[in-house]
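Residue numbers (the numbering used here): 4 to 436.
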């Protein structure tokens, strides 16, 4: 019979009806088979998440259910040792935290053939309150100690072995949690590096941009916005969406973004910019396809020229707050190698605002895309609303913060540079209004 089983069997009978450490012990009055079942049940409840504090709390709860008394964890990260954490049960029974902290600093993996010092009971005041420190060790790494204590009943070696099994399981999950956190931290650093600021538009164009990633941990995906200054006061507005999600899509997004900046600097028309981007992306086998919408704004002429690679059309918000969609010829996504892009030119009246967006803003699962776009086109805003307020209103009214996909949206409104006479006239109009 194993040491753990012998310990459980020794707890059978009337003398241990309340279980070890007081009333409610899991092993009370149970045979080895039932007790080992309780151990398996307790172990199954430890490490249910990849969150270290949660794992520690699950461990102390399981220990108190099995041994009674009180339990806590002292975590160790490098040479830094915490105080008591994840305390469960009777706090007053726990030994002086200074002793437990010293054990946490010095504890290693206990030898299999002898009883090591960190496992010894410790007297408290004038009564004996057995306290046990079990190292939280996985492989060669030390993550802290489990500290448990109770009134009167000393911890037998077999009982310590039982608690060590739980501690070992918890330590393994703590190791996975820390590795997972490190991976997430590295991914987050990389994603922040990919969140490059868009270029600066010409002063004759007001621009506002919002980006909302889907989910909690992913900071950036394949959605992006960009502005590129061109000659003669023109600005190229860009919104794109790489197929897929997460960090891999973000890496391809950054590649498309860099490619666009390089090609757009040659002052080609929007449809020819798309054609060159498609030709280059199609030669890279690992590059994910992407949709992209280019809008070249020429405030001096009051014109916009659009070209689309599989992307949704932009919205046009009039001065009075009415919304419509600008028609644009749609070609295949970038990276397919099919080409065939065309441009369309529209007039841009005074006070009108353009809104470019990715599909996450409007799409609902199971809904026809035309109906989704109508929801946007049916929005009505206050006259002459500022573009920042315009974007915030769109995101709120379309519930974009709960979208199923990443959301990137860009709003732009051109304004003519005014001379002194025009400025005075504009001031008079504002006073009359």
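For each residue, glycine too, the CB sits at the ideal point set by N, CA and C.
In the assembly as shown, residue 238 is a buried residue. Its beta-carbon has 16 or more other beta-carbons within 10 Å.
In terms of CA proximity to residue 267, 230 leads the group 254, 183, 230 and 246.
Following the DSSP letters along the chain, one finds residue 311 inside the beta strand (DSSP E) bounded by residues 306-312. About 18 Å separates the beta carbons of residue 273 and residue 339, which is beyond the 8 Å limit, so they are not a contact pair. DSSP, read as helix, strand or coil, puts residue 262 in helix.
Around the beta carbon of residue 408, 16 or more other beta carbons sit within 10 angstroms, so the residue counts as buried. Cβ-Cβ distances below 8 Å link residue 84 to 77, 78, 104, 107, 108 and 147 in the same chain, with the five nearest sequence neighbours on each side left out; the list follows chain order.
By alpha-carbon distance to residue 133, the top candidate from 145, 156 and 351 is 156.
Here the alpha carbons of residue 357 and residue 182 stand approximately 45 Å from one another. Annotation: the continuous alpha helix (DSSP H) that includes residue 395 extends over 390-400. Taking C-beta separations shorter than 6 Å and ignoring five residues to either side along the sequence, the partners of residue 90 in its chain run 75, following chain order. Residue 348: member of the beta strand (DSSP E) spanning 346-350, first to last residue. Residue 39 and residue 170 have their C-alpha atoms roughly 16 Å apart. Residue 322 places its beta carbon less than 8 Å from that of residue 355. Under the three-state reduction of DSSP output, residue 212 falls in the strand class. One alpha carbon belongs to residue 390, the other to residue 416, and they sit about 7 Å apart. A distance of 8 Å or more separates the beta carbons of residue 55 and residue 161. Taking the C-beta atoms as reference points, residue 393 is found no nearer than 8 Å to residue 365.
Residue 145 has 140 as its beta-bridge partners, per DSSP.
Contact between the stretch 241-250 and the stretch 281-288 is absent: fewer than 3 CB-CB pairs across the two stretches fall below 8 Å. Comparing C-alpha distances from residue 175 to each of 200, 188 and 144 shows the shortest one belongs to 144. In this structure, residue 298 sits near residue 307, with a CB-CB distance shorter than 8 Å. With a cutoff of 8 Å on beta-carbon distance, residue 324 and residue 388 are scored as near each other. Every alpha helix (DSSP H) of 4 residues or more that sits fully in the stretch 269-326 is shown, in chain order, as 273-285. Distance from the CA atom of residue 328 to the CA atom of residue 345, rounded to whole angstroms, is 18 Å. DSSP places residue 76 inside the beta strand (DSSP E), whose first and last residues are 73-80. Rounded to the nearest whole angstrom, the CA to CA distance from residue 414 to residue 353 is 15 Å.
Fully contained in the stretch 78-106 are the following beta strand (DSSP E) runs of length 3 or more, in chain order: 83-92. Beyond the five residues adjoining it in sequence on each side, residue 158 comes within less than 6 Å, by CB distance, of 133 and 135 in the same chain, given in chain order.
DSSP, reduced to helix, strand and coil, places residue 152 within a strand of the structure shown. Leaving aside the five residues that flank residue 279 on each side, the residues in its chain whose CB is nearer than 6 Å to its CB run, in chain order, 266. Residue 383 carries a strand assignment under DSSP once its states are collapsed to helix, strand and coil. Residue 368 sits exposed, since fewer than 16 C-beta atoms from the chains shown fall within 10 Å of its C-beta.
For residue 71 and residue 140, the gap between their C-alpha atoms comes out near 23 Å. A residue is called buried once 16 or more other Cβ atoms fall within 10 Å of its Cβ, and residue 303, having fewer, is exposed.
Looking from the CA of residue 314, the closest CA among 137, 295 and 233 belongs to 295.
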